[in-house]
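Here is the structure we will look at, set down as structure tokens.
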Amino acid sequence: MDHASLSGGFTDPPQQSAVAFRGIMQAMARPGSICEVAGAVAPAPLSVAAGTALLTLCDPDTGVHLAGAWDTKGVRDWITFQTGAPLVAAEAADFVVGGWGDIDLSVLQTGTPEYPDRSATVIVEMSELRAEGATLTGPGIKERAVLNLPDLAVFQRNAALFPLGLDFMFTCGAQMAALPRSTKVI
Amino acid sequence: MTDYNFAYLDEQTKRMIRRAILKGLAIPGYQVPFASREMPMPYGWGTGGVQVSAAVMTAGDVFKVIDQGADDTTNAVSIRRFFERTAGVETTEATGDATVIQTRHRIPEEPLTDDQILVYQVPIPEPLRFLEPSEVETRKMHALEEYGLMHVKLYEDISAHGAIATSYAYPVEVEGRYVMDPSPIPKFDNPKLSMAAIQLFGAGREQRIYALPPYTRVVSLDFDDYPFEASKAEHACALCGATDSYLDELIVDDAGTRMFMCSDTDYCRSRRAAGHVGAQGTPFKEDAA
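Residue numbers (my numbering), protein chains in the order written: chain A, 1 to 186; chain B, 1001 to 1289.
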């Protein structure tokens, strides 16, 4: 194990994770809004927002799956040391991290009719987050919101599964926007 | 600082609650199971709300607690002190100044804004529980969107009383999918459930968390010929004269004389401070006990 995995975590976990969670919660409660999520410095290619979200939400109870270019030794070691979360196959993951093209959404857990919350949260690393592109409506959105989603049909199909489905977080640098399954995408 | 971790709960517990809150926000109205902890207060005193507040609180928050609208009852005072001691947060009684408001059985009269969070203490989160005691069955009913029993209950209200007699914990339908118990708020408050603030519901004994994101469509169940009505006592507040606020009824002597006053103490106080005086009120003095 090299020393890089030992650094970049929270210096004051109770305070920093509380502030980070408020950013994540605002993003999830207000789909399409771009919120700041910072505090941790994760090894590349993991962004600040994605790394901070993993530190805030993951522990030995949550399986994490790294997709594509994000599945590096540096990232694996960092997550293992900092959170203790087991690294698992996509089928069993509670949290999935990767680029849009790397993630096979079809195998992820979407919950059961009795327990729709037993579903994966997908953290998609983006090259930029902008308030333009797809139009979003639904809970958390006053009239409509706009966000540069990487796809349309995928998210429309996901919303059609409601109350089952996947919940997405889009990260870029220290920014996060979210798209829960309840949001309708036009 | 103190002998406690920030906001009392350990970090792993907060992560578990935070994950439940996010799933609750993603599936509005659905009750997410969570591993509720023992808190240093008995069940029924807001252990669910306290755990949710602890999981969302940051050091910069301004915290307010109301119990049936009042800031100065035992439950509200003790929870406010709990977080002053364990999180070191500033507390307030003014609705407009608070960023996190924990409530038992009321929604403040003053409309909440999009930078506020309202945390409800919930005794029985399952709206179908008194109709169907089995959790296995109610969970299946939610999965199948089978809510006929609830409409039968409201219909039986009408056949027995001539109107829907349910006056608090009035069931609502969230975004056309889940039927949800808004906690025992008076039905007067139901129309306020679609609001700008994030609403989080915590039931400690029953181990459930659920949520309403801002502007979620929340509809009180009713019938075309018996529409939902947000009712209140047909009086004005005796202290501040407000006719638009929810009123508590007090018996003030042995002859049964009644008095009605605002249940929201901060709303009443700020109205009196602005010069409004009710039929039995006296002009407002800042230091009046």
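Glycine included, each C-beta is placed from N, C-alpha and C at the ideal position. Bear in mind the structure is a predicted one, so any value in this text is a computation, not a measurement.
Scan the stretch 4-23 of chain A for residues whose Cβ lies nearer than 8 Å to a Cβ of chain E and list them as they occur along the chain.
No chain E appears in the structure shown, which is made up of the protein chains A and B.
List the residues of chain B whose Cβ lies closer than 8 Å to the Cβ of residue 184 of chain A, in chain order.
Here residue 184 of chain A is taken as the residue at index 184 of the first sequence, counted from 1. Within 8 Å Cβ-Cβ: nothing; residue 184 of chain A doesn't reach chain B, min ~10 Å.
When the distance is taken between beta carbons, is residue 172 of chain A closer than 8 Å to residue 128 of chain A?
Here residue 128 of chain A refers to the residue found at position 128 when the first sequence is read from its first residue. Here residue 172 of chain A refers to the residue found at position 172 when the first sequence is read from its first residue. Less than 8 Å divides the Cβ of residue 128 of chain A from the Cβ of residue 172 of chain A.
Member of B:1117, B:1109, B:1151 whose CA lies at the smallest distance from the CA of residue 1128 of chain B:
Within the second sequence, numbered from 1, the residue matching residue 1128 of chain B stands at position 128. Of the candidates B:1117, B:1109, B:1151, the one whose C-alpha sits nearest the C-alpha of residue 1128 of chain B is B:1151.
Contiguous alpha helix (DSSP H) assignments of at least 4 residues, all confined to the stretch 1082-1153 of chain B:
Counting whole runs of 4 or more residues, the stretch 1082-1153 of chain B contains the alpha helix (DSSP H) stretches 1135-1143.
Entirely within the stretch 1179-1244 of chain B and at least 3 residues each: give me those beta strand (DSSP E) ranges in chain order.
For the stretch 1179-1244 of chain B, whole beta strand (DSSP E) runs of length 3 or above, ordered along the chain, are 1198-1203, 1208-1212, 1218-1220.
What are the residues in the stretch 1005-1024 of chain B lying within 8 Å of chain A by C-beta distance?
From the stretch 1005-1024 of chain B, only 1005, 1006, 1007, 1011, 1012, 1014, 1015, 1016, 1018, 1019, 1020, 1021, 1022, 1023, 1024 have a Cβ closer than 8 Å to chain A.
Just by C-beta distance, which residues in the stretch 1046-1074 of chain B are closer than 7 Å to chain A?
Listed by position, the residues of the stretch 1046-1074 of chain B near chain A (Cβ gap below 7 Å) are 1056, 1057, 1058, 1059.
Of all Cβ atoms in chain B, is any one closer than 8 Å to the Cβ of residue 123 of chain A?
If you number the first sequence from 1, residue 123 of chain A lands on position 123. It does not: the Cβ of residue 123 of chain A has no partner Cβ on chain B nearer than 8 Å.
Kindly indicate the opening and closing residues of the beta strand (DSSP E) around residue 123 of chain A.
As a working note, residue 123 of chain A is residue 123 in the first sequence. For residue 123 of chain A, the enclosing beta strand (DSSP E) starts and ends at 121-125.
Those residues which DSSP pairs with residue 145 of chain A across a bridge
For the purposes of this step, residue 145 of chain A is taken as the residue at position 145 of the first sequence. Per DSSP, A:136.
Distance, Cα to Cα, residue 1145 of chain B vs residue 1171 of chain B?
Against the second sequence, residue 1145 of chain B aligns to sequence position 145. Against the second sequence, residue 1171 of chain B aligns to sequence position 171. In a straight line, the C-alpha of residue 1145 of chain B is about 14 Å away from that of residue 1171 of chain B.
What does a CB cutoff of less than 6 Å around residue 1080 of chain B pick up in its chain, not counting 5 residues either side in sequence?
Here residue 1080 of chain B refers to the residue found at position 80 when the second sequence is read from its first residue. Hits under 6 Å: 1065, 1091.
Taking the Cβ atom as the reference point for each residue, do residue 17 of chain A and residue 56 of chain A lie within a distance shorter than 8 Å?
As a working note, residue 17 of chain A is residue 17 in the first sequence. As a working note, residue 56 of chain A is residue 56 in the first sequence. When the beta-carbon positions are compared, residue 17 of chain A and residue 56 of chain A come within less than 8 Å of each other.
Whole angstroms is fine: what's the gap from residue 1056 of chain B's alpha carbon to residue 22 of chain A's?
For the purposes of this step, residue 1056 of chain B is taken as residue 56 along the second sequence, with counting starting at 1. For the purposes of this step, residue 22 of chain A is taken as residue 22 along the first sequence, with counting starting at 1. A direct Cα-to-Cα measurement between residue 1056 of chain B and residue 22 of chain A gives close to 7 Å.
Got a sec: is the Cβ-Cβ distance from residue 56 of chain A to anything in chain B below 8 Å?
Residue mapping note: residue 56 of chain A aligns to position 56 of the first sequence, counting from 1. Residue-level contact by beta carbon holds for residue 56 of chain A and chain B, with a gap shorter than 8 Å.
Through-space distance from residue 1174 of chain B to residue 1180 of chain B, alpha-carbon basis
On the second sequence, position 180 is the one that residue 1180 of chain B refers to. On the second sequence, position 174 is the one that residue 1174 of chain B refers to. Cα-Cα distance, rounded: 7 Å.
Give the interface partners of residue 1107 of chain B over in chain A, defined as CB-CB distance under 7 Å, in chain order.
For this step, residue 1107 of chain B is matched to residue 107 along the second sequence. Neighbours of residue 1107 of chain B on chain A: none; closest Cβ ~17 Å, over 7 Å.
Check whether the Cβ atoms of residue 70 of chain A and residue 45 of chain A lie closer than 8 Å to each other.
Taking the first sequence and counting its residues from 1, one reaches residue 70 of chain A at position 70. Taking the first sequence and counting its residues from 1, one reaches residue 45 of chain A at position 45. Result yes, Cβ atoms of residue 70 of chain A and residue 45 of chain A sit closer than 8 Å.
Within chain B, the residues that residue 25 of chain A reaches when beta carbons sit closer than 8 Å
By one-based count along the first sequence, residue 25 of chain A stands at place 25. What residue 25 of chain A touches in chain B, judged by beta-carbon distance under 8 Å, is 1018, 1021, 1022, 1025, 1056, 1198, going in chain order.
Which of helix, strand or coil DSSP assigns to residue 1022 of chain B:
One-based indexing of the second sequence puts residue 1022 of chain B at position 22. Three-state DSSP puts residue 1022 of chain B in a helix.
So if I threshold CB-CB distances at 9 Å, which residues from the stretch 30-43 of chain A count as touching chain B?
Listed in sequence order: 30, 31.
CB-CB under 7 Å to residue 1289 of chain B, same chain, minus the five flanking residues each way: which ones, in chain order?
Taking the first residue of the second sequence as 1, we reach residue 1289 of chain B at position 289. Because residue 1289 of chain B sits at a pLDDT of 46, beneath the cut-off of 50, its placement in the model cannot be relied upon, and the point is left open.
Helix, strand or coil at residue 65 of chain A [DSSP, three-state]:
On the first sequence, position 65 is the one that residue 65 of chain A refers to. It is a strand residue.
Which stretch, first to last residue, makes up the beta strand (DSSP E) that contains residue 957 of chain B?
The question about residue 957 of chain B has no answer here: the residues shown for chain B are numbered 1001 through 1289.
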